[in-house]
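With my numbering applied, the sequence shown covers 7 to 262. Glycine included, every Cβ here is placed at the ideal spot set by N, Cα and C. Below is one structure, written out as structure tokens; the observations come after it.
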Amino acid sequence: MHLISSDYLPAYIADQSIDWSQVERGVSGHTVATSEDFTYYLTASSLYSSKIEGNTLDADSFFRFRGIESSPKKKEVQEIEDLLAAYQFASDHELTLSNLMQSHALLASTLLPQNLCGRVRRDQVGVRDSQTMKPVYLAVEPEYVEQELSRLFDDINSLLSRQLTIQEAFYYASMLHLWLAMIHPFLDGNGRCARLVEKWFLARSLGPSAWALQSERYYWDHRPEYYDNIALGFNYYALHWERCLPFLRMLPKSVV
């Protein structure tokens, strides 16, 4: 594969802190009985993924302000609605580069001008510490974003053509989360996209019950750990992938 490494898969599978039989039961046990159940799970995922990015609404506030045009929280409500639309789109479509762009166009509708939604960035971007505002990560240059996304989706296509074990599906889903965060292909909405694609890949590999998993809530509840574990280096060309296992462990731990 071009980008995604399998080097850490043996150690990941052998990790005694992950009870894979319990993970498998957790995935198969999330039966989505009705369309209302399905929408509930996607809404919860959208809410907590938005909260990770600074949205201040909890579930009660979201449902209370939803549909109220004069609400002081209208923008934050719409951010969650937009992300929910992207999750719903993803649940009905294959995981392809074209569909990723369409899902970004949906989730970024309130975040970016319309001409930048569903478009890769043309500017250099980085990540800043939310407290100090000091740069902590420099993403790949804009002229290489399309190339890196193409390479990543070549890997995705290869993986989705295989019959993956549950350990492999979780491993590669988390790797996709990391790679999208590292490429940082958009001007905004990168974290939301990375978490969406992680879930999208799981659902395509293991079945639609994966959409019911609440990994986004787990990341929110463990956000200091999430931020620490996703930081693999200062720039795209000097990433310390040998540090990836703590991040990879988080997804299966969100199930049990």
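Top-ranked residue by Cα proximity to residue i, from the options
{"i": "Leu-254", "options": "Asp-21, Leu-202, Met-139 and Leu-9", "result": "Asp-21"}
{"i": "Ser-27", "options": "Tyr-178, Ile-172, Asn-241 and Ile-189", "result": "Ile-172"}
{"i": "Pro-141", "options": "His-246, Ile-24, Ala-179 and Asn-241", "result": "Asn-241"}
{"i": "Pro-230", "options": "Gln-137, Leu-9 and Leu-89", "result": "Gln-137"}
{"i": "Asp-64", "options": "Ile-86, Phe-44, Leu-15 and Leu-184", "result": "Ile-86"}
{"i": "Ser-260", "options": "Leu-15, Gly-32, Gly-239 and Asp-13", "result": "Gly-32"}
{"i": "Asp-66", "options": "Phe-159, Ile-58 and Lys-79", "result": "Lys-79"}
{"i": "Asn-265", "options": "Ile-10, Val-83 and Tyr-143", "result": "No answer is possible for residue 265: the residues shown for the chain start at 7 and end at 262."}
{"i": "Phe-159", "options": "Lys-57, Ser-104 and Leu-251", "result": "Ser-104"}
Straight-line gap, residue i to residue j (C-alpha atoms, nearest Å)
{"i": "Ser-34", "j": "Ser-215", "result": "7 Å"}
{"i": "Glu-174", "j": "Leu-245", "result": "22 Å"}
{"i": "Val-262", "j": "Tyr-18", "result": "16 Å"}
{"i": "Ala-200", "j": "Ser-76", "result": "32 Å"}
{"i": "Leu-184", "j": "Ile-236", "result": "7 Å"}
{"i": "Pro-258", "j": "Val-29", "result": "6 Å"}
{"i": "Val-102", "j": "Arg-72", "result": "Here the sequence assigns Thr to residue 102, which means Val is not the residue at that position. When rounded, the distance between both Cα atoms is 31 Å."}
Residue i: first and last residue of the uninterrupted alpha helix (DSSP H) it sits in
{"i": "Tyr-143", "result": "Counting along the chain, Tyr-143 falls outside any alpha helix (DSSP H), though it belongs to the beta strand (DSSP E) covering 141 to 144."}
{"i": "Ile-86", "result": "80 to 97"}
{"i": "Arg-31", "result": "26 to 34"}
{"i": "Gly-197", "result": "196 to 212"}
{"i": "Thr-49", "result": "41 to 58"}
{"i": "Pro-258", "result": "251 to 259"}
{"i": "Ile-74", "result": "First-last for Ile-74: undefined, no H or E at that position."}
{"i": "Ser-104", "result": "103 to 113"}
{"i": "Glu-222", "result": "221 to 227"}
Limits of the unbroken beta strand (DSSP E) element including residue i
{"i": "Val-133", "result": "132 to 134"}
Distance between beta carbons of residue j and residue i, contact taken as under 8 Å
{"i": "Ala-50", "j": "Arg-223", "result": "7 Å"}
{"i": "Trp-217", "j": "Leu-48", "result": "6 Å"}
{"i": "Leu-219", "j": "Tyr-93", "result": "That belief does not hold up - the Cβ atoms of Leu-219 and Tyr-93 are roughly 12 Å apart, past 8 Å."}
{"i": "Glu-204", "j": "Leu-182", "result": "6 Å"}
{"i": "Val-126", "j": "Leu-155", "result": "7 Å"}
{"i": "Asn-196", "j": "Leu-208", "result": "That belief does not hold up - the Cβ atoms of Asn-196 and Leu-208 are roughly 19 Å apart, past 8 Å."}
{"i": "Ser-109", "j": "Leu-166", "result": "Their Cβ separation, rounded to whole angstroms, is 16 Å, which puts Ser-109 and Leu-166 out of contact at 8 Å."}
{"i": "Ser-164", "j": "Met-7", "result": "6 Å"}
Complete alpha helix (DSSP H) runs within the region 146 to 190 (minimum length 4 residues, chain order) | 151 to 166 and 172 to 189
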